[in-house]
Amino acid sequence: MGPGDLSRVLAPLPHRADPRLLVGRETFDDAGVFALSDSLALVQTVDFFAPIVDDPYAFGQIAAANALSDVYAMGGEPLTALNIAAFPESRLPLAILTEILRGGQDKVHEAGAVIVGGHTIIDEELKYGLAVTGRVDPRHILTN
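Remember, my numbering sits 99 above the position in the sequence shown when you count from 1.
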């Protein structure tokens, strides 16, 4: 969904101001940033999509790299990740999901972060991604 459509969807929703929210939905940045102290803030993002390659392991790696890159784009360091998967178990073997998750896990570990869990649903269309939490010094946030 593009920024214009997203703006129209979000416009009717009430906005709750919070001084700890350093980067929120208003700027359409890659991730949100929430201050914990003067020198530490959380960076949070979520990304998922349908496969763009045929290899399940490579798809997992690509999806993880995409989610991790949002934390890096804000100047942050990834710490933890949660898997998000929609899987058509009636038409694909579970081994495919295993390979997707293995690819994601390997890429997350390469970034120095850890997978702490996740959520999987049954769906007609395969989708995979991650929610990633990182940290950043609030004085060094990169934004659009």
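Note that beta-carbon positions come from the ideal geometry of N, C-alpha and C, so glycine has one too. In this text, all values refer to a predicted model and were calculated from it rather than measured experimentally.
Query, Result
"Sorted by chain position, which residues of the same chain lie with C-beta nearer than 8 Å to D109's C-beta, five sequence neighbours on each side aside?", "Before going on, a small fix: residue 109 reads as Leu here, not Asp. Within the same chain, L109 has close Cβ partners R124."
"Secondary structure at V108, three-state DSSP: helix, strand or coil?", "helix"
"Based on the DSSP secondary-structure assignment, which residues constitute the bridge partners of N182?", "G217 and L229"
"I'd like the list of long-range same chain contacts for E224, defined as Cβ closer than 8 Å, with 5 residues on each side in sequence excluded.", "A149, A185 and P187"
"Closest to A162 by CA distance: which of I183, L139, A116 and T219 is it?", "I183"
"Hey, out of R107, V231 and L112, whose CA is closest to P177's CA?", "V231"
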